[in-house]
Structures are given as C-alpha cells and as structure tokens.
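S.K.:
Residue numbers (the numbering used here), protein chains in the order written: chain A, 1071 to 1388; chain B, 1071 to 1388.
(1) Which of the three DSSP states, helix, strand or coil, is assigned to residue 1164(A)?
(2) Could you list which residues in chain A have their beta carbon closer than 9 Å to that of residue 1115(B), in chain order?
(3) Pair every Cβ in the stretch 1125-1139 of chain B with every Cβ in the stretch 1186-1203 of chain A, then say whether three or more of these pairs are closer than 8 Å.
(4) Return yes when the C-beta of residue 1090(B) is under 6 Å from any heavy atom of the ligand SAM, and no when it is not.
(5) Of the residues that make up the stretch 1115-1131 of chain A, which ones have a beta carbon closer than 8 Å to any beta carbon in chain B?
(6) Please report the residue range of the alpha helix (DSSP H) in which residue 1373(B) lies.
(7) Taking beta-carbon pairs under 7 Å, can you tell me which members of the stretch 1214-1234 of chain A lie near chain B?
(8) Figure out for me which residue from 1365(A), 1141(A), 1353(A), 1336(A) has the closest Cα to the Cα of residue 1306(A).
(9) For residue 1320(B), count neighbouring Cβ atoms within 10 angstroms of its own Cβ and tell me buried if that reaches 16, exposed if not.
(10) Hey, residue 1258(A) and residue 1158(B): beta-carbon distance below 7 Å or not?
(11) The alpha helix (DSSP H) spanning residue 1353(B) covers which residue range?
(12) Excluding the 5 residues preceding and the 5 following residue 1129(B) in the sequence, name in chain order all residues of the same chain whose CB lies nearer than 8 Å to its CB.
(13) With three or more C-beta pairs closer than 8 Å as the rule, is the stretch 1272-1286 of chain A touching the stretch 1208-1219 of chain A?
(14) Compare the C-alpha of residue 1297(A) against each of 1223(A), 1238(A), 1328(A) and name the closest.
(15) By Cβ distance below 7 Å, which residues in the same chain neighbour residue 1251(B) in space, the five residues on each side in sequence not counted?
(16) Should residue 1111(B) be flagged as near chain A, meaning a C-beta pair shorter than 7 Å?
(17) Output yes if chain A places a C-beta closer than 7 Å to the C-beta of residue 1169(B); else output no.
(18) In chain order, which continuous runs of the alpha helix (DSSP H) of length 4 or greater are located wholly inside the stretch 1125-1211 of chain A?
(19) Which residues in the same chain have their Cβ closer than 6 Å to the Cβ of residue 1309(B), if we skip the five residues on either side of it in sequence?
(20) Give me whichever residues DSSP pairs with residue 1106(A) in a beta bridge.
(21) Does chain A have any CB closer than 7 Å to the CB of residue 1158(B)?
(22) Does the Cβ-Cβ distance between residue 1330(B) and residue 1351(B) come in under 7 Å?
(23) Closer than 6 Å by C-beta to residue 1237(A): which residues in its own chain qualify, once you throw out the five before and the five after it? Chain order, please.
(24) Are any of the Cβ atoms in chain A nearer than 7 Å to that of residue 1071(B)?
(25) How long is the line joining the alpha carbons of residue 1377(A) and residue 1335(A), rounded to whole angstroms?
(26) What are the complete beta strand (DSSP E) segments, minimum 3 residues, inside the stretch 1300-1357 of chain A?
(27) Quick check: is the beta carbon of residue 1149(B) nearer than 7 Å to any beta carbon in chain A?
(28) Please report how far the alpha carbon of residue 1120(A) lies from the alpha carbon of residue 1189(A), in whole angstroms.
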C-alpha cells in the first residue's frame, strides 16, 4: 500500500460514526471516503431529514451530542417546544441547531441539488476534510414489516422505539437506485486500498447500501480487502436493536452470524476478545478474524480500532 | 348596532396589529375578524413565510416581541447562528420559536391545506378567539420598482432596509386572486357593523388587500361605515417607511393624502390632534374626521383608539 492509504468506509449512524471518526483521525496517513446509509432518511414536518449523514457530519466536525449519539452538542429545544404548542408531531426531536442542516438540505433538494452535492457542501462548511458521500442520490427508504403493521423506519426506530416484532425489512426504491456518482467511481477504483464496513447494524444500516444494484458484487469483486468490524459482542448489540432484530429475523445474533451475513464480500472480521471462541467457525466460512476490543468508549478506542482495521487489511493484502 | 358589534379590520403588520389588539381586547362587545395582508409573504430558505399573519397572531396571543415589533418574545437564535455557520442567507431573521409556525405552515401548504385553514388552526392553537383571515388563499406578492431594480418586498423592506427609491409598486397575482372565502362572505355580509382600516402603510400593507378584484368596490358599497386610522402624524409615518414611500411616489405624506388615497371607500378618518388643521380639507373630500391621539404606546392607548373607532363609526351610522 502507498503512504496515503485510500479507504472507503460503509457507515450507518452512531456506532459506525465512532469508527468513522477513528478513521478520519488518521487523516495524515489515509485518504478517507465515508459512504453513508440513507435508508433511514425521511420526510417529516415537510423537511428532508438524513439522520446518518448528519450524525457522521456532526461526529467528524466535533459537534455531535456525546450523550445521545445523535444531534448536536449544547443543543436547545425552543423550536420543538413551540411545535408542541402548535399541536405538531414532536416524537422526532429536532434541536434548534440541528434544524439548520435540515432546513438548508430541504431547500437545496427542492432547488434540484443532489444529496451528494448538498452533503459535500455541508461537510465543507463544517470544516470536515473527509469525503462524506450518501450511498445514493435516489430515494431509498427502509420499511419494516412488523406485528404492528408496515412501518417506515423512523416510525419503528424512534416513534415506537424498536418495540414492534420485525418479520421482514425491505428497501423501497433500492432496486431502481444507483450508487451516488462518487461512490460508483470508488467501487471501480483499483487504487482503493481498504474497504471498511463500520460496526453499524447489518440489517438496517449496511443492508440498504448493499441493496443498491451492483454494490454487493462490486465489493465482492474489488481487489482491496474488505474488513468489517462486528457490531455485536457476546450475542448482544453494542448499541441499538441489532441483536433484537437478528433474533426476530431468525438470523442468530452472534459475531459468527454477522460473518455469515457478510461472507460473500467480506475478507476479514474484527471481533471482540469475548467472541474469540467464534474465530474458528468464522474462519471456516472463508472470513479471516482478528480479536480486539470493539467497544469504543473513548476517542483513543476509535483511533486504535481504526488503525487495527487498516493494519488487518494490510496483512490480508500481503 | 346590536350589543355584539360585528367588526372587520383590514390589517398589515406592526402598526396595524397594535390597533387589532385594541379591537380584540374589546372582545366582550365586538365580534372581530381581522383581514391580514399577505402581499409581504414570501418563500425563503424553502419556507412559506407570512410576516403580517404571524405578527397579528403573536400580538393577539400576547407572545409578540415588544422591542422589535416582529417575531416572538423571549426568542433565541441558535437556528440562525447554525445557518450562518452553514453559509446560508441570514438577512431575514427567524428565531427558534418563530420558526415553528413557519415550518408547520410550509408543511401544511405542501400538503394542500389553504392558508385560511392553516391560519385559523394556528390562531386556535395559540388561544386566539378573534378570526384571523388572510386576504386571499392565492399567492399575491408585493413587488417594487426601484432605482436598484425590481425588488421582491422583503428584499426591499428587510434586506435593503427600505433604502432604494421606489417608483412603482405592483401586486403580482392580485388580478387573478380572489378574497379568501371567509373574507368574501364578510364583504357581502349586511350584518357587519363596522369596517376598520388599521393604521398600516396604505401602499404596502392595505393596497395589496384592495388590489384583489371586487374588494375595493365591495368596501365602497358596503352598508357599514368604513373607518380608517391614519398611519401618519404631521407628515411622518409613525412606524416604517410610509412617509418616505409616499414622498417617492409623489403622493404627499400627510393625513390628508391618506384620506385622498382612501376617499372612494372610507367614510371617516381618525387623525392625530397635531393634524387637526387638515380636518377641513379632508371633510371636503367627503371623508368625516375625528381628532385623537393615534400614537399607541401602551395597551391602554390601543384599547382607547379601538373604542374610538367603533364609536366614530356608530356616530357616522346614525
């Protein structure tokens, strides 16, 4: 690999953004492009909302709310309080600062700008040097079949707090969507050194990206090693509903199950030391393993894990 | 007149809203409908903004900013600061609380609700019992020809702070607009007892209402007395650019010039005591006069002037 390692990272929200921040903090040695899930995007209160893009942007800009994992630090809620006074829906909380990105994106989309252009412009304004690229400029919407009927993602995730039992997940619009132009270029770019699948929920954060035609095959055929970081430890998701969902979808909920789900395109999986006993069965699937600590509590954890993913890829490449 | 006097008030923003509040505070004895100018409305940052409707709503709800004359009291500006950080236009200031009304209106308009329905719903939510009716549900936009080119109203009024020299004013969309349904009903309602033209700018706040086909004639032909309150004292506008505009448009800038402009449909004009010398020339136009103090510094002033307008109408009726 050259001195400046060219890295693509597929990324969802909170957990994925932590590793993305770790990768971005290696900016001296790597050239990073983050591909953001947009299956969580939705139109709400007349606004075009892209939760994962925003979480990644806020995290990389150092202005994310460290307590919630979404939204901005030192946020205020006057807008939301006034919306409540006016009888508007308030289950999806938009802070006064956070609202700016959403209002501006909505305006630019209505003007005809692409989500790629809008995201690049906002990242630049926030002082982010990493490329942040939506998976697609087309609308792809994660929809869940549940015991409480068909639910849009944010209805399930935020309004109903993941309580419904999920029987199926689909990505409306994915079949006719294309990867965003810069993502499509990277998928065909032989100078890419490493592809990282961040420790995001495989079914609701990574799968929408994989559901876009050509992406999964392009990852499988790409010359660069593809390294995933497991989002589960000892059968439990680190954050969010991953393990609950995996159980409901009868996919199992261990790191070995994650490996089985990614095996067709992933070359290596970083698993937690507590899952070391699973290494043999994961290796038997043709997926290399590395044991580490995948819990990222501090910025140091994020940088360390990011470097480990790069180093792991380098060893697989050799 | 019956015990519950039925009153229509034509109203612009700040100055007009003061008298509207005075009229509304007589709610025990009058049944009030306020017709709001929407020529100032515009689309900005992707939002549908109706400054005069909102000023009237905030004023009547007791949540208006007493210092600025627009927006809400105890406002915060986190949204605007974040917009500035993102490089968005910030010359039109939208506070965090104020934003709620604008976001909600935009959403409802996109859903297909009429501005009348939206305004009535918001007024109800804000605890306002007075009927607040937009002059029209159609888009009417005040546009000014100036020495700095053709300007949309808010560009002139807020962004350029009324500095350009105005040579003409027109109301785009007015010719094909209709009065909002409840306004149209009131214009034909013989049980209306008094029509009040609030002390708003005749050319930029009242004229858009009059520019809608049938309105000016309906006012002239209505059996109820039409009482205007002069927005100028001694040739100077009490608030805003009225006198500057009148001079530029070569219309003069005295209360007598206001009377001349309204004479075809106004029966009486309340002028300030300092303009008492003009009463004779105004009366000669067929417009009755009453001298009062038209400066409304306190809530008591507003109630007093509102009651004087009703009493003046009653005397003219007899």
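Backbone N, C-alpha and C fix where the C-beta goes; we use that ideal spot for every residue, glycine too.
M.R.: Taking the coordinates as given:
(1) The answer is coil: DSSP assigns residue 1164(A) none of H, G, I, E or B.
(2) Here the neighbours are 1173, 1174, 1176, 1177.
(3) Result no; under three Cβ-Cβ pairs closer than 8 Å.
(4) Questions concerning the ligand SAM fall outside what the structure shown contains, since it holds no ligand whatsoever.
(5) Listed by position along the chain: 1115, 1116, 1117.
(6) Where residue 1373(B) is concerned, the enclosing alpha helix (DSSP H) stretches over 1369-1387.
(7) Taking 7 Å as the Cβ-Cβ cut-off against chain B, none of the residues of the stretch 1214-1234 of chain A qualify.
(8) Measuring from the Cα of residue 1306(A), the nearest candidate turns out to be 1365(A).
(9) That one is exposed.
(10) No, these two residues do not count as a Cβ contact at 7 Å.
(11) It spans 1349-1354 - the alpha helix (DSSP H) in which residue 1353(B) sits, taken as one unbroken run.
(12) Taking C-beta separations shorter than 8 Å and ignoring five residues to either side along the sequence, the partners of residue 1129(B) in its chain run 1087, 1088, 1090, 1091, following chain order.
(13) Three or more beta-carbon pairs drawn from the stretch 1208-1219 of chain A and the stretch 1272-1286 of chain A are found closer than 8 Å, and the two stretches are therefore classed as touching.
(14) With distances taken between CA atoms, residue 1297(A) lies nearest to 1328(A) out of 1223(A), 1238(A), 1328(A).
(15) The answer, listed in chain order, is 1186.
(16) So, not an interface residue.
(17) Using a CB distance cut-off of 7 Å, residue 1169(B) counts as an interface residue toward chain A.
(18) Taking only runs of at least 4 residues, the alpha helix (DSSP H) segments lying wholly in the stretch 1125-1211 of chain A are 1148-1155, 1168-1181, 1185-1195.
(19) Counting only Cβ-Cβ distances below 6 Å, and skipping sequence neighbours, we find 1084, 1085.
(20) Beta-bridge partners of residue 1106(A) (DSSP): 1081(A), 1204(A).
(21) Chain A, which has a Cβ nearer than 7 Å to the Cβ of residue 1158(B), makes this yes.
(22) Result no, Cβ atoms of residue 1330(B) and residue 1351(B) do not sit closer than 7 Å.
(23) Within the same chain, residue 1237(A) has close Cβ partners 1215.
(24) Reliability fails at residue 1071(B), whose pLDDT of 45 lies under 50, so the model's placement of it is uncertain and no value is given.
(25) Each residue's alpha carbon lies about 21 Å from the other.
(26) Complete beta strand (DSSP E) runs here, min 3: 1338-1342.
(27) Yes, because at least one Cβ of chain A sits closer than 7 Å to the Cβ of residue 1149(B).
(28) The straight-line gap separating the alpha-carbon atoms of residue 1120(A) and residue 1189(A) is approximately 10 Å.
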